[in-house]
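Note that this note's numbering has the sequence shown beginning at 606, numbered continuously upward.
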Amino acid sequence: MTPTTRPPPWREASFVHLVRDPRSVVWSQLTTASGERVRMDWPLVGRLLPFSSGALRRVFSDHAYFGAYQLDEYFEAGVRCLDDGPDDDALTSALRRLDAVREAPPYVKALALWGAQVEICHRHAQSAFGSRFLWLRYEDLCDVPCEHLRSIYDLQNRPLPDPVRKCARRTIDPSRRRRWADIPTAEKHFREGTERAQITDLMRDLGYDPL
Numbered sequence: 606m607t608p609t610t611r612p613p614p615w616r617e618a619s620f621v622h623l624v625r626d627p628r629s630v631v632w633s634q635l636t637t638a639s640g641e642r643v644r645m646d647w648p649l650v651g652r653l654l655p656f657s658s659g660a661l662r663r664v665f666s667d668h669a670y671f672g673a674y675q676l677d678e679y680f681e682a683g684v685r686c687l688d689d690g691p692d693d694d695a696l697t698s699a700l701r702r703l704d705a706v707r708e709a710p711p712y713v714k715a716l717a718l719w720g721a722q723v724e725i726c727h728r729h730a731q732s733a734f735g736s737r738f739l740w741l742r743y744e745d746l747c748d749v750p751c752e753h754l755r756s757i758y759d760l761q762n763r764p765l766p767d768p769v770r771k772c773a774r775r776t777i778d779p780s781r782r783r784r785w786a787d788i789p790t791a792e793k794h795f796r797e798g799t800e801r802a803q804i805t806d807l808m809r810d811l812g813y814d815p816l
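In structure tokens form, the structure reads like this:
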């Protein structure tokens with residue numbers, strides 16, 4: 606009897622790339638575990654603290670910005686793993702953006718990190734998944750959640766379940782889209798930061814106005 610060979614499950618998988626306005630991403634990350642809002646020019650004290658104890662980790666989460674702290678140790682090494690060679694334009698652009706903000710404030714590093722991640726993820730995911738790749742903006746999902754959730758289920762030729770629809774209507778909060786805009790000084794910081802991080806063109810391509 607000839608055994609039946611089935612393709613690996615991942616070959617039928619889909620990839621949903623959810624993108625959010627980088628200013629909202631950074632603004633969200635600027636809230637520490639203690640619930641306090643960190644200044645946008647806060648120093649990276651985390652590099653001075655070992656992670657050997659829970660107490661020190663709590664101090665770090667209270668007083669430092671983790672997203673910018675992990676820039677060198679975590680992200681750049683990961684990006685280089687995706688290197689397709691000297692002709693990889695997305696990688697070259699990402700590394701250039703990161704190099705340009707080495708001495709920048711943490712929030713600028715985080716904006717550059719967002720740009721690098723979005724470019725690399727979009728390029729490689731779209732290449733790997735083809736028609737099973739879906740790019741979706743967080744803000745659009747907040748505006749009309751059921752419509753966009755349906756597009757996700759469509760990737761697998763499945764109907765949107767009623768419990769998922771009801772949960773989305775009950776829990777998705779549209780007011781979370783631009784909370785940073787309520788702070789007068791944030792707009793000025795972000796206008797300067799997006800330019801320094803070299804992500805204004807990418808933002809426009811994705812439908813975000815860099816002001």
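Even for Gly, the Cβ is constructed at its ideal location relative to N, Cα and C.
- A contact is defined here as three or more CB-CB pairs under 8 Å, and the segment 715-731 meets this definition with respect to the segment 692-702.
- With respect to the C-alpha of Leu718, the residue from Leu807, Arg775 and Leu816 having the closest C-alpha is Leu807.
- Ranked by how close their Cα comes to the Cα of Ala618, the residues Ile777, Leu739 and Pro779 have Leu739 in first place.
- By the CB criterion at 8 Å, Ala705 and Gln803 fall inside the cutoff.
- In this structure, Pro750 and Ile788 do not form a Cβ contact; the two beta carbons are roughly 26 Å apart against a cut-off of 8 Å.
- Taking C-beta atoms under 8 Å as the contact rule, Ala773 and Leu760 fail to qualify, at a distance of about 17 Å.
- Between Lys793 and Phe620, the alpha-carbon positions lie close to 35 Å from each other.
- Listed in chain order, the non-local C-beta contacts of Pro627 below 6 Å within the same chain comprise Leu716 and Trp719, local neighbours out to five positions each way being set aside.
- Linking Leu741 to Glu708 through their CA atoms gives a straight-line distance of about 32 Å.
- For Arg801, the uninterrupted alpha helix (DSSP H) run begins and ends at Pro789 to Arg801, by DSSP.
- Beta-bridge analysis with DSSP links Leu700 to no other residue.
- Your pair Pro711 and Asp748 does not check out as a contact, with CB atoms roughly 30 Å apart and the cut at 8 Å.
- Between Ser629 and Arg783 the beta-carbon gap is near 6 Å, inside 8 Å, which marks them as a contact.
- As a beta-bridge residue in DSSP terms, Arg742 pairs with Val624.
- The three-state reading of DSSP puts Tyr758 in helix, counting H, G and I together.
- Ranked by Cα distance from His727, the options Asp692, Arg616 and Asp810 are led by Asp810.
- With a cutoff of 8 Å on beta-carbon distance, Leu765 and Arg796 are scored as not near each other.
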